[in-house]
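One structure below.
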Amino acid sequence: MRLSFVLCHLSLVYLHSPLVRTSDKGQMTAKSSSFILLLMRILVVEDEAKMAAFIKRGLEEEGIAVDVAADGYEGLFRASSGNYDLIILDLTLPLMDGLEICQRLRHNHISIPILLLTARDSVEMKVQGLDSGADDYLTKPFAFAELLARIRALRRRDRAQVNLQLQIGDLLLDPLTRRVTRSGRPIELTSKEFALLECFMRHPDQVMSRTLLAEKVWNETFDSFTNVIDVYVNYLRNKIDRDFSPKLIYTVRGAGYVLRRPQTNAEALDHQS
Ligand code: CA
65 MRLSFVLCHL SLVYLHSPLV RTSDKGQMTA KSSSFILLLM RILVVEDEAK MAAFIKRGLE
125 EEGIAVDVAA DGYEGLFRAS SGNYDLIILD LTLPLMDGLE ICQRLRHNHI SIPILLLTAR
185 DSVEMKVQGL DSGADDYLTK PFAFAELLAR IRALRRRDRA QVNLQLQIGD LLLDPLTRRV
245 TRSGRPIELT SKEFALLECF MRHPDQVMSR TLLAEKVWNE TFDSFTNVID VYVNYLRNKI
305 DRDFSPKLIY TVRGAGYVLR RPQTNAEALD HQS
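What follows is the structure, encoded as structure tokens:
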């Protein structure tokens, strides 16, 4: 009696684990491969409500946070926010098509992984999509398992790049050694300053709101926290900007902060070498 209670209790715990789900056929499947998908936030840009709901529901069952944009303008606006880890982008959309969104994002140096959905299985469309800056494509109709596999592959590729050295002008940041230099001079940063700078350098030329920085660097969401961010951005400016030119971190009144690539990027590199 007691043993069966324990077993029942254990199986309840098992069922409620976020990594264990019941499949459509009622069989339990341990989704260890889904570890890589945890804590992801994905933007789905799709005007067909049924398809958008299908993708959203499926991804949410995997523990992924999902937002949907139903037209091209909203898609581009949201995709530019720096809020997402990946974009699932339909090709044919009202107001602005998927190819143009890809091109505009890449033109603005937004390097977020893009998975293109296309209704047409034509080589020409795929080539055009990849040339526009998409990382992969999937032809509709698709099996949900294939969509997940593509997302996992893109996520792995993106994570592999996470360890690469970042460079904006003469400012260098090495995520592995945690070393920062500007014009070849070592800069000592505290761990929070380092995390803040890394966040800026991964989203150059994108305005980062205080709320977004609070979420990404401090894992905080409450508004009263934003003063702390102002203080830390000032610390960071004193270390990476005060004694150097050009300035890299700018305040955008009413919006937040942005780390801008210097226009003379190539010249700055020449001076350094
Ligand atoms: Ca469509």
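The opening position of the sequence shown corresponds to residue 65 in this note's numbering, with each subsequent residue numbered one higher.
Ideal Cβ positions, reconstructed from N, Cα and C, are used throughout, including at glycine.
Nothing here was measured: the structure is a model prediction, and the numbers come from that model.
Checking the DSSP bridge columns, you'll see M272 partnered with Y321. Scanning the region 149-173 from its first residue to its last, the whole beta strand (DSSP E) runs of 3-plus residues come out as 150-154.
The Cβ atoms of L260 and L202 do not sit closer than 8 Å to each other. T254 is the residue among G233, T254, D234 and G248 whose C-alpha sits nearest the C-alpha of R242.
In chain order, L155, Q192, G193 and S196 place their CB closer than 8 Å to the CB of L163, counting only its own chain and leaving out the 5 sequence neighbours on each side.
Exclusion of E138 from the 7 Å shell around ligand 1 follows from its C-beta lying no nearer than that to any non-hydrogen atom of the ligand. In this structure, D135 has its CB at a distance of at least 7 Å from all heavy atoms of ligand 1. Between E110 and L181, the gap from beta carbon to beta carbon is short of 8 Å.
When secondary structure is reduced to three states using DSSP, A259 falls in the helix class.
Under the three-state reduction of DSSP, I176 is assigned to coil, being neither helix nor strand. In the structure shown, the three-state DSSP call for T254 is coil. I152 and R216 have their C-alpha atoms spaced approximately 13 Å apart. The three-state secondary structure of Q192, taken from DSSP, is helix. In summary, A278 is buried, with 16 or more beta-carbon neighbours lying within 10 Å of its beta-carbon over all protein chains present. Set against 7 Å, the gap from the CB of E110 to the closest heavy atom of ligand 1 is smaller. A straight line joining the alpha-carbon of Q167 with that of Y137 spans about 13 Å. Between E257 and Y296, the C-beta spacing is below 8 Å. In the DSSP annotation of this structure, the continuous segment of the alpha helix (DSSP H) that includes V295 starts and ends at T290 to I304.
At least one heavy atom of ligand 1 lies less than 7 Å from the C-beta of L157. Distance from the Cα of R142 is smallest, within the candidate group W282, V271, N291 and K190, for V271. In the DSSP assignment, the residues bridged to I232 are L235.
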